[in-house]
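In case it helps, my numbering puts the sequence shown at residues -10 to 90.
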Amino acid sequence: MNISIFSLLSLVVGVILGLLYFAGLWMTVKNIIKASSPLVLSLVSFTVRTVTIFLALIFVSRQGSFIDIIIFLIGFIIGRFILHKRVLQAQKEQLEKDLKV
-10 MNISIFSLLS LVVGVILGLL YFAGLWMTVK NIIKASSPLV LSLVSFTVRT VTIFLALIFV
50 SRQGSFIDII IFLIGFIIGR FILHKRVLQA QKEQLEKDLK V
């Protein structure tokens, strides 16, 4: 199996876009209660996040092979796990901070 520089770039871009996608989702969920128009916020957030991932996926598919698409998607999932771990850690720290007060 031949892994090229583009394959590694696909992985890195997948991780970064996974982090951005799920961070955007997290921020939308946190701010939807405060929004004056929750419907508009959720639709705009969904559209921006989906179009960004879709364009990146099209770029990867045109430049690389099928394996590069799979590597991109694996990176995307890795980004989700990284963000999930960070959010849980932040929530745990906030809970411990609240219990000390």
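Ideal Cβ placement from N, Cα and C applies to all residues, glycine included.
Query: As assigned by DSSP and simplified to three states, the class of residue 24; Result: coil
Query: Pairwise C-alpha distance: residue 12 and residue 87; Result: 24 Å
Query: First and last residue of the uninterrupted alpha helix (DSSP H) at residue 64; Result: 55 to 89
Query: Residue -3 versus residue 67: straight-line alpha-carbon distance, rounded; Result: 14 Å
Query: Residue closest to residue -1, alpha-carbon to alpha-carbon, out of 70, 82, 47; Result: 47
Query: Residue closest to residue -6, alpha-carbon to alpha-carbon, out of 71, 70, 53; Result: 53
Query: Candidates 8, 39, 1, of which the one nearest residue 75 by Cα; Result: 8
Query: Assumed close pair residue 156, residue 56 - CB separation to whole angstroms, cut-off 8 Å; Result: Shown here, the chain extends from -10 to 90; a query on residue 156 therefore has no answer.
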